[in-house]
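**Student:** Numbered per the numbering used here, the sequence shown spans residues 1057 to 1339. In this text, a Cβ means the ideal position worked out from N, Cα and C, and glycines have one as well. Values in this document were obtained by computation on a predicted structure and should not be read as measured data.
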Amino acid sequence: YVVCTRARDLLIVPNLPTSRAASWYRAVRLDKLELPEVNLDQLPDKVVEDRAAEANLQTAEEFAEEAWTVAASAPVLRWHQPSLHDADRTPSLIDLPPVSELTDPAPPPIGAGPLRGTLLHKLAEEVIAGELEVSLEALIARADELLAQLRSQSPPSDQIEFPDSVQAATTIRDTLAIRDVAKMMPFLEAEVPVWNADGATLLAGRVDALIVREGRVLGVLDWKSDLMPSPNLKSHYVSQVEAYVAVTGAVAGAVVFMTSGEVIWVGDRDGLLAQLVTTPPPI
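1. Round the Cβ separation of L1277 and H1136 to the nearest angstrom and send it over; I've been treating them as touching at under 8 Å.
2. Return the CA-CA distance between D1220 and A1078, expressed in angstroms with no decimal places.
3. As a quick exercise: from A1246, R1085, T1174, Q1098, pick the residue whose alpha carbon is nearest that of G1186.
4. What would DSSP say about N1071, mapped onto helix, strand or coil?
5. Could you have a look at K1003 and say whether DSSP puts it in helix, strand or coil?
6. Counting only the same chain and skipping the five closest in sequence on each side, list residues whose C-beta sits under 7 Å from that of I1216.
7. Within 10 Å of its beta-carbon, does D1101 have 16 or more other beta-carbons around it, so buried, or fewer, so exposed?
8. Between which two residues does the beta strand (DSSP E) containing R1272 stretch?
9. Which same chain residues end up closer than 6 Å to G1261 when comparing Cβ atoms and leaving out the 5 residues on each side of it in sequence?
10. Report all residues from its chain with a CB closer than 8 Å to the CB of R1269; omit the five preceding and five following residues, and keep chain order.
11. Name, in chain order, the residues that DSSP records as bridge partners for T1257.
12. Can you tell me where the alpha helix (DSSP H) holding G1327 begins and where it ends?
13. Over what stretch of residues does the beta strand (DSSP E) that includes A1308 continue unbroken?
14. Would you mind stating whether L1192 and R1235 have Cβ atoms separated by less than 7 Å?
15. Let me know if S1316 comes out buried or exposed under the rule of 16 or more other beta-carbons within 10 Å of its beta-carbon.
16. Taking just the CA atoms, how far does R1134 sit from M1241?
17. Once the 5 residues before and after V1273 are set aside, which same chain residues still bring their CB inside 8 Å of it?
18. Only counting the same chain, and skipping five residues up and downstream in sequence, which positions put a Cβ closer than 6 Å to that of L1096?
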């Protein structure tokens, strides 16, 4: 300690006879009782510097100007997180690494909606990533595995309604077969973080999928697993996609309701799909 700090001339170790047995003071042997008691008489006299009192010549105008300068140097940032409070999403809890003692455990999803949404989003992500084939058998098997993980992380209760693996697998298969979605599938990249700074407004979010071709973001896709979303909720979802379209420079975006198969477009749908048409090679 003396070598690595500025205490090169004098290091005072306090004597704490009433410390707990589990404390560092007791756990580390420092041979404290063998150390000499500090002699404060060897310290130099305190030097007191006499300084003349200075008058405060600052005016009210100067104070206000300096206060404005301080406030301007630390602008208030406003965070915009479009998908933070979605009812059908929770922080990812499945296929996570083992919990570390250095990290707090993630809270389990609560309620049928978040559980179903977590499962459907995870299945869609794995299909897009090429980790899972779009067959009912493969989807059901993977859904069963993910549901087992969700059950293991949820508190034991007979009141928790878990989604059905067959229904979830069928929903994913049918969703990916929607005509517009099927056209976009070869160009999808799943679970992409999105951020942007516009003055003092900062946007941070995670897009369910981006439509990317030749390195350019052409579209934004947002899955929704709500069973019966209200008109107000649909409008809220559309505004989320509008924000993501704006910051990514995409041509268009789509809100895809997995349960009903409804697709709500934002921007130039036809222009986006036209850019996804593969040009045949020249003869």
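**Tutor:** According to the structure shown:
1. The residue given as residue 1277 occupies position 221 in the sequence shown. The residue given as residue 1136 occupies position 80 in the sequence shown. Not confirmed; about 20 Å, so no contact.
2. Locating residue 1220 in the sequence shown gives position 164, counting from the first residue. Locating residue 1078 in the sequence shown gives position 22, counting from the first residue. D1220 and A1078: Cα-Cα distance of roughly 51 Å.
3. Counting from 1 along the sequence shown, the entry for residue 1186 is found at position 130. Minimum Cα distance to G1186 is reached at A1246.
4. The residue labelled residue 1071 in the question sits at position 15 within the sequence shown. In this structure, N1071 counts as coil in the three-state DSSP scheme.
5. In the structure displayed, the chain extends from 1057 to 1339; residue 1003 sits before or after that span and is not available.
6. Sequence index remark: in the sequence shown, residue 1216 carries index 160 (1-based). Cβ neighbours of I1216 beyond the five flanking positions: S1210.
7. Within the sequence shown, residue 1101 is the residue found at index 45, counting from 1. That one is exposed.
8. Numbered from its first residue, the sequence shown carries residue 1272 at position 216. Taken as a continuous stretch (DSSP letters only), the beta strand (DSSP E) holding R1272 covers 1272-1280.
9. Here residue 1261 corresponds to residue number 205 of the sequence shown, with the count starting at 1. Contacts found: Q1137, P1138, S1139, V1250.
10. One-based indexing of the sequence shown puts residue 1269 at position 213. If we look at R1269 and ignore the five residues flanking it on each side, its Cβ neighbours are F1243, Q1331, L1332.
11. Here residue 1257 corresponds to residue number 201 of the sequence shown, with the count starting at 1. DSSP output for T1257 lists R1134, D1254 as bridge partner(s).
12. Within the sequence shown, the letter at position 271 stands for residue 1327. 1325-1331 is the span of the alpha helix (DSSP H), which, as asked, contains G1327.
13. Sequence index remark: in the sequence shown, residue 1308 carries index 252 (1-based). Start and end: 1308-1313.
14. Position 136 of the sequence shown, counted from the start, is the residue given in the question as residue 1192. Position 179 of the sequence shown, counted from the start, is the residue given in the question as residue 1235. Not closer than 7 Å, so no.
15. In the sequence shown, counting from the first residue as 1, residue 1316 sits at position 260. Its Cβ having fewer than 16 others within 10 Å, S1316 is exposed.
16. Here residue 1241 is taken as the residue at index 185 of the sequence shown, counted from 1. Here residue 1134 is taken as the residue at index 78 of the sequence shown, counted from 1. Approximately 35 Å between the Cα atoms of the pair.
17. Indexing the sequence shown from 1 puts residue 1273 at position 217. Closer than 8 Å at Cβ, skipping near neighbours: L1266, I1267, T1304, G1305, A1306.
18. Your numbering for residue 1096 matches position 40 in the sequence shown. Here the set comprises nothing.
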